[in-house]
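S.K.: To start, I am sharing the structure in question, which I have written as structure tokens.
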Amino acid sequence: MSFASTGARNVGVPDVVFFTASAAGLMGYMQFEELVKRGLVPLKGAGYKTNGSLDAPVDWVPGMKGMRLGDMPTFCHTTDADSALMRIHLHQMRVVAGSKAVVINTFHDMEKDVVDALAAFLPPVYTVGPLSSIEAVLAHPAVGLFVTHCGWNSILETVIGGVPVLGWPMVSEQTTNCRQVSTAGNIGAELPQEARGDEIAALVREMMVGEKGIEAREKTLEWKRLAEDATKEGGSSCANLDRYLGIPMHFRKLLNKEWKVSPLGFRPIDMKESLVCSPKILIARTVRSLGRGLDVAGSLGAEVAWEFYTGLDLRRVIPYILLMSGIHGGGITRARGYNGVYEMTVESCFYRSRWE
Numbered sequence: 129m130s131f132a133s134t135g136a137r138n139v140g141v142p143d144v145v146f147f148t149a150s151a152a153g154l155m156g157y158m159q160f161e162e163l164v165k166r167g168l169v170p171l172k173g174a175g176y177k178t179n180g181s182l183d184a185p186v187d188w189v190p191g192m193k194g195m196r197l198g199d200m201p202t203f204c205h206t207t208d209a210d211s212a213l214m215r216i217h218l219h220q221m222r223v224v225a226g227s228k229a230v231v232i233n234t235f236h237d238m239e240k241d242v243v244d245a246l247a248a249f250l251p252p253v254y255t256v257g258p259l260s261s262i263e264a265v266l267a268h269p270a271v272g273l274f275v276t277h278c279g280w281n282s283i284l285e286t287v288i289g290g291v292p293v294l295g296w297p298m299v300s301e302q303t304t305n306c307r308q309v310s311t312a313g314n315i316g317a318e319l320p321q322e323a324r325g326d327e328i329a330a331l332v333r334e335m336m337v338g339e340k341g342i343e344a345r346e347k348t349l350e351w352k353r354l355a356e357d358a359t360k361e362g363g364s365s366c367a368n369l370d371r372y373l374g375i376p377m378h379f380r381k382l383l384n385k386e387w388k389v390s391p392l393g394f395r396p397i398d399m400k401e402s403l404v405c406s407p408k409i410l411i412a413r414t415v416r417s418l419g420r421g422l423d424v425a426g427s428l429g430a431e432v433a434w435e436f437y438t439g440l441d442l443r444r445v446i447p448y449i450l451l452m453s454g455i456h457g458g459g460i461t462r463a464r465g466y467n468g469v470y471e472m473t474v475e476s477c478f479y480r481s482r483w484e
């Protein structure tokens, strides 16, 4: 739910999105806007479930091969691209893209291609899973197969238990999870949506004693070992959790930093005070209050575009392209200004003591 991020941003509090489903599910939701642009959504006619529309290839999704429209989260399976559910999910994905970090309940090895693809265009992505307590029944040696709707927690539980999956997805990103599990993960098979009793029996038999079941069981045990490694000290999920928890520590370092006077002549400000507002709001205030007649460092002039490096993650640059003649901002550690001829870098965080 995106309202928490919206509320946090309104008061200048850094927001982090915790996505409890799969990375593949998140990538699927991220493609809704592109599905509309490519004309795959809305679907034509009420018979789209049986007329082959859902078999349309969606082979351009980063990190996800062999996808079909029917494998995408079911909220895009609609004849109305402006439906409430479509609008909600489009809005939520824009909120995710604007967050300071994204934490996902998965582990890197299980969804490596998708996680790497998400990290290429989203804020820092941290995989910290599997965060799931295995049910005792799945850990029992007598269990040979798990028939599941492919909710993400169920998938993680089967991986932790080393049990192959027979997926029967119903709604949401369950379809995406099922496709990834049966193809990329190769730890199970998928039941048809309109499966007859004899079809179900045949698939259960194949997954219990057939070659496909043997291969899936071996692959699941491999994923089980990788999941255990990910959550051990030094594993990918453990290391990502440490990196994520290091964000507040980085802020504490900023709070304790002894700032020097900026070339622009602004006085230092207590970082604790500046963090109550977002950088963008504070920058806008400075433009209004200091923008009249100030020549930036005597060289850049008024038509200056600035790039601001935020204190949340120094590896990423968040550009606020502003026509302005001063800088200011909470949480900013570095700013680079240029007008096509001259360039100046300011490494501090300052503003005037009173607004004009």
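The sequence shown begins at 129 in this note's numbering and counts up by one.
Just so you know, even glycine gets a beta-carbon here, dropped at the ideal spot from N, CA and C.
In this text the structure is predicted, and so the values were computed from the model without any measurement.
1. On the criterion of 16 or more Cβ atoms from any shown chain inside 10 Å, does Leu373 qualify as buried, or is it exposed?
2. Note the first and the last residue of the continuous beta strand (DSSP E) segment covering Ile232.
3. If I'm right that Gly289 touches Leu266 with Cβ under 8 Å, what's the distance once you round it to whole angstroms?
4. Using the C-alpha atoms, what's the distance from His205 back to Leu299?
5. Among the residues of its own chain, which have a CB less than 7 Å from the CB of Thr202, if the five just before and after it don't count?
6. Using DSSP with H/G/I as helix, E/B as strand and the rest coil, what is Arg196?
7. State whether the segment 178–195 contacts the segment 326–338, with contact taken as three or more CB pairs (one from each stretch) at a distance under 8 Å.
8. Using 8 Å as the threshold, is the C-beta distance between Pro170 and Asp208 below it?
9. Counting only C-beta atoms, is Pro292 closer than 8 Å to chain B at any point?
10. Could you give the DSSP three-state label for Glu343: helix, strand or coil?
11. Is it the case that the segment 246–256 contacts the segment 271–284, given that we only count it when at least three CB pairs across the two stretches are under 8 Å?
12. Using the rule of at least 16 other Cβ atoms within 10 Å of the residue's Cβ for burial, across every protein chain shown, is Gly313 buried or exposed?
13. Which stretch, first to last residue, makes up the beta strand (DSSP E) that contains Val145?
14. Over what stretch of residues does the alpha helix (DSSP H) that includes Glu361 continue unbroken?
15. Taking the DSSP output, what are the residues bridged to Phe131?
16. Any chance the segment 224–231 sits against the segment 131–147, with 3 or more Cβ pairs inside 8 Å?
17. Could you pull out every residue in the same chain whose Cβ sits closer than 6 Å to the Cβ of Leu369, ignoring the five residues on either side in sequence?
18. Reducing DSSP to helix, strand and coil, say where Tyr254 ends up.
19. Buried or exposed, going by whether 16 or more other CB atoms sit within 10 Å of the CB of Ile315?
20. Quick check on the DSSP output: the alpha helix (DSSP H) that includes Ala317 runs from which residue to which?
21. Between the Cα of Lys347 and the Cα atoms of Leu319, Arg166, Thr286, which residue gives the shortest distance?
M.R.: The structure says:
1. Sequence index remark: in the sequence shown, residue 373 carries index 245 (1-based). Looking at its Cβ environment, which holds fewer than 16 other Cβ atoms inside 10 Å, Leu373 is exposed.
2. Sequence index remark: in the sequence shown, residue 232 carries index 104 (1-based). Unbroken beta strand (DSSP E) run through Ile232: 229–232.
3. Translated into positions along the sequence shown, residue 289 becomes position 161. Translated into positions along the sequence shown, residue 266 becomes position 138. Contact flag correct, Cβ pair sits at about 4 Å.
4. Your numbering for residue 299 matches position 171 in the sequence shown. Your numbering for residue 205 matches position 77 in the sequence shown. Residue identity differs from the one stated: residue 299 is Val in this sequence, not Leu. So the two alpha carbons sit approximately 10 Å from each other.
5. As a first step, residue 202 must be located in the sequence shown, where it is residue number 74. Only Val299, Ser300, Thr303 meet the Cβ criterion.
6. Position 68 of the sequence shown, counting from 1, holds the residue named residue 196. Reduced to three states, the DSSP call for Arg196 is strand.
7. no
8. Taking the first residue of the sequence shown as position 1, residue 170 is located at position 42. Taking the first residue of the sequence shown as position 1, residue 208 is located at position 80. Yes.
9. Included in the structure is just one protein chain, with no chain B present.
10. Position 215 of the sequence shown, counting from 1, holds the residue named residue 343. In this structure, Glu343 counts as helix in the three-state DSSP scheme.
11. no
12. Along the sequence shown, read from residue 1 onward, the residue named residue 313 stands at position 185. Its Cβ being crowded by 16 or more others within 10 Å, Gly313 is buried.
13. To locate residue 145, count along the sequence shown from 1; it is residue 17. 144–147 is the extent of the beta strand (DSSP E) around Val145.
14. As a working mapping, residue 361 is identified with position 233 in the sequence shown. Taken as a continuous stretch (DSSP letters only), Glu361 belongs to no alpha helix (DSSP H), as it is neither H nor E.
15. The residue you call residue 131 lines up with position 3 of the sequence shown. DSSP lists no partner for Phe131.
16. yes
17. As a working note, residue 369 is residue 241 in the sequence shown. Cβ neighbours of Leu369 beyond the five flanking positions: Val256.
18. By one-based count along the sequence shown, residue 254 stands at place 126. Strand, per DSSP.
19. For the purposes of this step, residue 315 is identified with residue 187 of the sequence shown, where counting begins at 1. With 16 or more Cβ atoms within 10 Å of its Cβ, Ile315 is classed as buried.
20. Within the sequence shown, numbered from 1, the residue matching residue 317 stands at position 189. Note, Ala317: premise wrong, no alpha helix (DSSP H); beta strand (DSSP E) at 316–318.
21. The count along the sequence shown starts at 1 and reaches residue 347 at position 219. Considering only alpha carbons, the answer is Thr286.
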